[in-house]
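When we follow our numbering, the leftmost residue of the sequence shown carries the number 477, and every step to the right adds one. The beta-carbon is built from N, C-alpha and C at its ideal position, and this holds for glycine as well. What follows is a single structure, written as structure tokens, with notes after it.
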Amino acid sequence: MIANHSTATLELVRAYHERTKHHFDRYAAGPEYLDWEQQPNPFREFESAPLIKLPLDFEELPKAGFNTLNNRQPQLALKDWGLTEISSLLRFSMGLAAWKVYGPDRWSLRCNPSSGNLHPTETYLLVSGLKSLKDGVYHYAPYPHALELRAETESAATNQSQILLAFSSIAWREAWKYGERAYRYVQLDIGHAIGALAYSAAALGVCLQRLPLSRSELARLLGLDRQEDFKDAENEYPDLIFRLREPPDQPSDLSSGDGMQLPTAKQWHGTANRLSQQPSHQWPLIDELEHPLMACPPCRQLPLAESFPEPARGPDQPIHQIILQRRSAQAFNGKSILPLSHFYQILDHCLPRATEHPWKSWPYQPRIHLLLFVHRVDGLSPGLYLLPRSQQALPLLKQSLDEDFSWQPVEGCPAHILLHQLVTTEVKKAARALSCHQDIAASSFFSLGMLAEFNTALQASGPLAYPELFWEAGLIGQVLYLQAEAHGVRGTGIGCFFDDAVHQVAGIKESGLQSLYHFTVGEAKPDNRLQTLPAYHHLGN
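Take a look at the structure:
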């Protein structure tokens, strides 16, 4: 067990999780109606901060293939990166993907998915030693596709180039719609953002390495603790920070914090804009959870201990095309059948490999496992299945789930994909009911719930394991989104489900395993009512 973490904060985390569960007879506390006048602005700006516009022409960059990312080599050393490389990294991870128009209404879509398309995640870039950009802390503004200079900095090391990227969250954007449960969705969105950034970095031949900063340290580094800059703005909390690294260099051991070169701000610029003028609802429970987490030491995760064979791959496709076309399906046709080989390939890429993207950027022991509701997969009987994402988790899963399950290995499944058939039966009605009666969980090829090693993670890593379990779930969701697109189908993340009802179906009686996220993959029905506009048409691109 990790020392120094607060028992009181652990109890607070557990209490929050229980309080924000959905049940068949009641949902977690949320607004009784949506106050559309107070819908949060999806774009944070720092007014009066110097703005550096980023280019949108990437013709000079070599094209990257989705299934050949592991073969990518950086075209430039990081110290030689220009605005084009930085622009590509941000544009194809956290930038706009398109605009949708329906009658008088229009709204933007982004490369990174978000619960309710509300986008609580903010992105910061910290650079030193680059010729193309002065040393500083920058906020990425996706609407103008530009960097806002928050602070000039002094580097802790001379003659050393460094590019850091950090995420923070504005929980109000999700709480406006989802109330107290919103914190969960905010953390899932961070997981999706990690995946989006990891894939975009991979297209440039680089990957991410997480830095073990505490949240209070990260707040100081990003200027989020500067009350004078946020006096009229909604709370923005720090999440995590990465540095870019160039493979095949092995990541240095920064687990203790030794060897980190962090900049020091000289002068800060800009004031955060307000996103809603007079909110009609307040959800203090989220701040009550965030505040004690700020004082927790960084969460320690165990490195990957298993290795899997290289996954099977389909025909190569341009990764930027897949990223830009990714959407959340709103409805499935309920008739198409997924080839079995495609099903196995999609699941195979959910297994963590330190040699594969995006897991190169998140090389930690898996704590999330997949409970699958199979509906329409060629050659596979409908029913309930389980995919452990590590061999060592199998005993815990067998001990925790219904003792009457058959636990039959699926015949013909690649041996390293530990897919087990639990029960053969029609599961469409159950999947629909469990996912808040949403038909997309039943009209798909398959849907799934992500079961977390809840107690084990909290006991071993402390309170910050709670958001990080959601990050892992969101990262799996990002893999599923892009794998679905690569196979010509579509995915949708499902944050609304009846928590304990899922546990009951799985036979889970204790809190050792908890379902944190649902996902579904199918053949999407097109919505011809909507018009699509290019992502940056408002900039003339």
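Assuming Arg-802 contacts Glu-628 under a Cβ cut-off of 8 angstroms, what Cβ separation, rounded to an integer in Å, is found between them?
-> On the sequence shown, position 326 is the one that residue 802 refers to. On the sequence shown, position 152 is the one that residue 628 refers to. Not quite, the Cβ-Cβ distance comes to about 36 angstroms (not below 8 angstroms), so this is no contact.
Assess, as a yes-or-no matter, whether the region 922–938 is touched by the region 878–889 under the definition of 3 or more beta carbon pairs within less than 8 angstroms.
-> By the Cβ rule, the region 878–889 does not count as touching the region 922–938, because fewer than three pairs are nearer than 8 angstroms.
Taking the alpha-carbon positions, what's the His-1013 to Val-978 distance?
-> Indexing the sequence shown from 1 puts residue 1013 at position 537. Indexing the sequence shown from 1 puts residue 978 at position 502. Cα to Cα, His-1013 sits roughly 43 angstroms from Val-978.
Pair within 7 angstroms by beta-carbon distance, Leu-989 and Ser-817 | Taking the first residue of the sequence shown as 1, we reach residue 989 at position 513. Taking the first residue of the sequence shown as 1, we reach residue 817 at position 341. Judged by their CB atoms, Leu-989 and Ser-817 are not nearer to each other than the 7 angstroms cut-off.
Cβ-based burial, Ile-813 [other Cβ within 10 Å; buried from 16] | Residue mapping note: residue 813 aligns to position 337 of the sequence shown, counting from 1. Result: exposed.
Could you tell me whether the Cβ atoms of Leu-594 and Gly-612 are closer together than 7 angstroms?
-> Locating residue 594 in the sequence shown gives position 118, counting from the first residue. Locating residue 612 in the sequence shown gives position 136, counting from the first residue. Their beta carbons are not under 7 angstroms apart, which means Leu-594 does not touch Gly-612 by this criterion.
Go ahead and pull the three-state DSSP assignment for Tyr-659.
-> Sequence index remark: in the sequence shown, residue 659 carries index 183 (1-based). Note: Tyr-659 maps to helix in three-state DSSP.
Kindly give me the distance between the Cβ atoms of Thr-968 and Ala-805, rounded to whole angstroms, as I take these residues to be in contact under 8 angstroms.
-> Working through the sequence shown from its first residue, we reach residue 968 at position 492. Working through the sequence shown from its first residue, we reach residue 805 at position 329. Contact holds; Cβ gap of about 5 angstroms.
7 angstroms Cβ cutoff met for Lys-529 and Ala-622 | On the sequence shown, position 53 is the one that residue 529 refers to. On the sequence shown, position 146 is the one that residue 622 refers to. When the beta-carbon positions are compared, Lys-529 and Ala-622 come within less than 7 angstroms of each other.
When we look at the beta-carbon of Arg-660 and count the other beta-carbons within 10 Å, is it buried (16 or more) or exposed?
-> The residue given as residue 660 occupies position 184 in the sequence shown. Under the 10 Å beta carbon count, Arg-660 is surrounded by 16 or more other beta carbons and is classified as buried.
Can the beta-carbon of Leu-894 be found less than 7 angstroms from the beta-carbon of Pro-864?
-> Numbered from its first residue, the sequence shown carries residue 894 at position 418. Numbered from its first residue, the sequence shown carries residue 864 at position 388. Against a cut-off of 7 angstroms, the Cβ pair of Pro-864 and Leu-894 comes out as a contact.
Using 10 angstroms around the beta-carbon of Gln-1007, count the other beta-carbons present and answer buried if the total reaches 16, otherwise exposed.
-> Along the sequence shown, one-based indexing puts residue 1007 at 531. Taking every protein chain shown into account, the CB of Gln-1007 has fewer than 16 other CB atoms within 10 angstroms, so this residue is exposed.
Among Thr-485, Leu-554, Ala-677 and Pro-596, which residue has its Cα nearest to the Cα of Arg-567?
-> Within the sequence shown, residue 567 is the residue found at index 91, counting from 1. A check of alpha carbon separations from Arg-567 across Thr-485, Leu-554, Ala-677 and Pro-596 identifies Ala-677 as the nearest.
Cβ pair Gly-681, Gln-821 closer than 7 angstroms | As a position in the sequence shown, residue 681 is number 205, starting the count at 1. As a position in the sequence shown, residue 821 is number 345, starting the count at 1. At the C-beta level, Gly-681 and Gln-821 stay beyond 7 angstroms of one another.
Three-state secondary structure (DSSP) of Thr-831 | To locate residue 831, count along the sequence shown from 1; it is residue 355. Correct three-state label for Thr-831: coil.
In terms of residues, what are the limits of the beta strand (DSSP E) holding Pro-768?
-> The residue given as residue 768 occupies position 292 in the sequence shown. Under the DSSP assignment, Pro-768 falls outside any beta strand (DSSP E), being part of the alpha helix (DSSP H) whose first and last residues are 760–770.
Pick out whichever of Asp-581, Lys-607 and Gln-514 has its Cα sitting closest to the Cα of Leu-554.
-> Stepping through the sequence shown from its first residue, residue 554 is reached at position 78. Looking at the Cα atoms, Lys-607 is the closest of the given residues.
Excluding five sequence neighbours on each side, which residues of the same chain lie with their C-beta closer than 6 angstroms to the C-beta of Pro-943?
-> Within the sequence shown, the letter at position 467 stands for residue 943. So the list reads Gln-663, once near-sequence residues are dropped.
Pick from Tyr-654, Asn-517, Ile-646 and Phe-542: whose alpha carbon is nearest that of Pro-507?
-> As a first step, residue 507 must be located in the sequence shown, where it is residue number 31. Nearest of Tyr-654, Asn-517, Ile-646 and Phe-542 to Pro-507, Cα basis: Tyr-654.
For Gln-685, which beta-bridge partners are listed by DSSP?
-> Working through the sequence shown from its first residue, we reach residue 685 at position 209. Residue pairing by DSSP puts Gln-685 in a beta bridge opposite Arg-719.
Reduced DSSP category for Tyr-675 - H, G, I as helix; E, B as strand; rest coil = Residue numbering aside, residue 675 sits at position 199 when the sequence shown is read from its first letter. Helix.
Which term fits Glu-704, buried or exposed, when burial requires 16 or more other beta carbons within 10 angstroms of its beta carbon?
-> Position 228 of the sequence shown, counted from the first residue, corresponds to residue 704. Under this definition Glu-704 is an exposed residue.
Segment contact flag, the region 484–493 with the region 755–769, C-beta cutoff 8 angstroms, min 3 pairs | The region 755–769 and the region 484–493 touch, with three or more beta-carbon pairs separated by less than 8 angstroms.
Do you know offhand how far Leu-559's Cα is from Asp-511's?
-> Counting from one through the sequence shown, the residue named residue 559 turns up at place 83. Counting from one through the sequence shown, the residue named residue 511 turns up at place 35. Roughly 40 angstroms separates the two Cα atoms.
How should Ala-479 be labelled, buried or exposed, when 16 other C-beta atoms within 10 angstroms of its C-beta is the threshold for buried?
-> As a first step, residue 479 must be located in the sequence shown, where it is residue number 3. Low confidence applies to Ala-479: its pLDDT is 42, below 50, so where it sits in the model is not reliable enough to give any reading.
Local Cβ density within 10 Å of His-851, reported as buried at 16 or more and exposed below that | In the sequence shown, the residue the question calls residue 851 occupies position 375. A buried status is given to His-851, since no fewer than 16 other beta-carbon atoms sit within 10 Å of its beta-carbon.
Applying the criterion that 16 or more other CB atoms from any shown protein chain within 10 Å of the CB defines a buried residue, is Ser-732 buried or exposed?
-> Mapped onto the sequence shown, residue 732 falls at position 256. Its pLDDT being 49, under 50, Ser-732 is placed unreliably by the model, and nothing is read from it.
Among Ser-920, Arg-776 and Ala-928, the one whose alpha carbon lies nearest that of Leu-908 = Here residue 908 refers to the residue found at position 432 when the sequence shown is read from its first residue. The question names Leu, yet the displayed sequence has Arg at residue 908. Out of Ser-920, Arg-776 and Ala-928, Ser-920 has the C-alpha closest to the C-alpha of Arg-908.
Under the three-state DSSP convention, the category Gln-777 falls into | Position 301 of the sequence shown holds residue 777. Residue state for Gln-777 is assigned as coil, using DSSP reduced to three classes.
To the nearest angstrom, how far is it from the Cα of Arg-502 to the Cα of Glu-656?
-> Within the sequence shown, numbered from 1, the residue matching residue 502 stands at position 26. Within the sequence shown, numbered from 1, the residue matching residue 656 stands at position 180. Each residue's Cα considered, the two are about 13 angstroms apart.
How many Å lie between Glu-513 and Thr-901 at the Cα?
-> Here residue 513 refers to the residue found at position 37 of the sequence shown. Here residue 901 refers to the residue found at position 425 of the sequence shown. Approximately 47 angstroms between the Cα atoms of the pair.
Pick from Val-955, Trp-648, Asp-976 and Leu-602: whose alpha carbon is nearest that of Val-997?
-> Within the sequence shown, the letter at position 521 stands for residue 997. In terms of CA proximity to Val-997, Val-955 leads the group Val-955, Trp-648, Asp-976 and Leu-602.
Report buried or exposed for Tyr-993, applying the criterion of at least 16 other Cβ atoms within 10 angstroms of its Cβ.
-> Taking the first residue of the sequence shown as 1, we reach residue 993 at position 517. It counts as buried.
Could you tell me how far apart the beta carbons of Leu-602 and Leu-640 are, in whole angstroms, since I believe they sit closer than 8 angstroms?
-> Here residue 602 is taken as the residue at index 126 of the sequence shown, counted from 1. Here residue 640 is taken as the residue at index 164 of the sequence shown, counted from 1. At roughly 4 angstroms, the Cβ-Cβ gap stays under 8 angstroms, so Leu-602 and Leu-640 are in contact.
Residue interval of the alpha helix (DSSP H) (run including Arg-649) = Working through the sequence shown from its first residue, we reach residue 649 at position 173. Run containing Arg-649: 648–654, per the alpha helix (DSSP H) assignment.
Pull up the distance between the alpha-carbon of Phe-995 and that of Ala-982, whole angstroms please.
-> In the sequence shown, counting from the first residue as 1, residue 995 sits at position 519. In the sequence shown, counting from the first residue as 1, residue 982 sits at position 506. Taking the straight line joining both Cα atoms gives about 16 angstroms.
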